[in-house]
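Peer 1: Numbering-wise, our numbering comes out as the position in the sequence shown, counting from 1, plus 198. Right, I'll just put the structure down here and ask away after.
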Amino acid sequence: MVYKWLHNDKEITTRMKYKVATTGSSSHLSIGKIEATDIGNYTCVVSNSYGQDKSTVQVILEANRPDDAPILFPLMVPSNPSIGDNTDMFCSLKRGSMPVTFKWLYNGQDVTSISKYKIINTEKSSHFSIGNIQPHDIGNYTCVATNNAGVDSKITSIVIEASEVLSDPPVLYPLMVPSIQLLEMTQIFCVS
Numbered sequence: 199m200v201y202k203w204l205h206n207d208k209e210i211t212t213r214m215k216y217k218v219a220t221t222g223s224s225s226h227l228s229i230g231k232i233e234a235t236d237i238g239n240y241t242c243v244v245s246n247s248y249g250q251d252k253s254t255v256q257v258i259l260e261a262n263r264p265d266d267a268p269i270l271f272p273l274m275v276p277s278n279p280s281i282g283d284n285t286d287m288f289c290s291l292k293r294g295s296m297p298v299t300f301k302w303l304y305n306g307q308d309v310t311s312i313s314k315y316k317i318i319n320t321e322k323s324s325h326f327s328i329g330n331i332q333p334h335d336i337g338n339y340t341c342v343a344t345n346n347a348g349v350d351s352k353i354t355s356i357v358i359e360a361s362e363v364l365s366d367p368p369v370l371y372p373l374m375v376p377s378i379q380l381l382e383m384t385q386i387f388c389v390s
């Protein structure tokens with residue numbers, strides 16, 4: 199799959215301010231310190247030999263509200279992976295006072311010490327990867343966000359389906375952007 203990012207319908211090129219990280223089924227755009235020129239529509243376009251899909255989100259600036267408990271967007275998870283697939287889950291902060299810490303649970307147990315799972319946390323999001331999914335990976339995964347004002351969590355289930363040949367165009371999850379202010383950094387995740 200090939201990913202492309204647009205800002206107000208113009209392709210984003212890699213510059214110091216924008217960073218794009220792409221894995222097999224996902225891509226995320228990191229935006230450096232937000233300025234007024236960064237507001238607008240961001241579009242992720244994914245394509246393969248069978249077609250393409252795109253998803254757009256609007257970035258707006260919001261006033262800071264100190265001492266807000268974290269509020270998370272719904273988890274972004276690829277639907278029903280097959281045995282042997284790699285899969286990624288994204289947990290993103292919608293709003294909340296900084297600093298926020300993220301933690302992942304599998305069936306209620308902390309997973310930080312399990313080497314099979316890879317976790318990358320940023321200031322406002324967490325990326326959770328499972329390599330080579332097996333039947334024992336079926337279960338409930340929870341992202342927990344905590345700050346000095348409170349806690350929020352989102353839970354999802356991983357269900358494994360039989361492998362099938364890829365012959366459909368990609369389908370993207372809706373893009374989500376946390377509330378941001380001038381001079382903050384943000385990330386936008388694109389998952390198919």
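The C-beta atom is built at its ideal place from N, Cα and C for all residues, glycine as well.
What number of angstroms, rounded off, separates the C-alpha of Phe300 from the C-alpha of Gln332?
Peer 2: So the alpha carbons of these two residues sit roughly 25 Å apart.
Peer 1: Starting from Tyr304, trace the beta strand (DSSP E) in both directions and tell me its first and last residue.
Peer 2: Residues Thr299 to Tyr304.
Peer 1: Which residues does DSSP pair with Leu270 in a beta bridge?
Peer 2: Leu291, per the DSSP bridge assignment.
Peer 1: Along the beta strand (DSSP E) that carries Ser245, what are the first and last residues, could you check?
Peer 2: Gly238 to Asn246 is the span of the beta strand (DSSP E), which, as asked, contains Ser245.
Peer 1: Starting from Gly337, trace the beta strand (DSSP E) in both directions and tell me its first and last residue.
Peer 2: Gly337 to Asn345 is the extent of the beta strand (DSSP E) around Gly337.
Peer 1: Am I right that Lys252 and Thr241 are in contact with their C-beta atoms under 8 Å? What's the rounded C-beta distance?
Peer 2: The Cβ separation is near 6 Å, so the contact holds.
Peer 1: Checking the sheet assignment: what are the DSSP bridge partners for Thr354?
Peer 2: In DSSP, Thr354 forms a bridge with Tyr339.
Peer 1: DSSP three-state call for Thr212: helix, strand or coil?
Peer 2: Thr212 falls in the coil class under three-state DSSP.
Peer 1: Under 8 Å by Cβ, that's how I've got Ile210 and Ile237 pegged, so tell me the actual separation to the nearest angstrom.
Peer 2: Not quite, the Cβ-Cβ distance comes to about 14 Å (not below 8 Å), so this is no contact.
Peer 1: Using beta-carbon positions only, say whether Ile281 and Trp302 come within less than 7 Å of one another.
Peer 2: Against a cut-off of 7 Å, the Cβ pair of Trp302 and Ile281 comes out as no contact.
Peer 1: So, with DSSP's three-state summary, where would you put Thr320?
Peer 2: Coil, per DSSP.
Peer 1: Have a look at Val363 and Asn305 and give me their C-alpha separation to the nearest angstrom.
Peer 2: Bear in mind that the predicted position of Val363 carries a pLDDT of just 45, short of 50, making it too unreliable to give a figure here.
Peer 1: If you draw a straight line from the C-alpha of Val243 to the C-alpha of Met296, how long is it?
Peer 2: Distance between the alpha carbons of Val243 and Met296 is about 31 Å.
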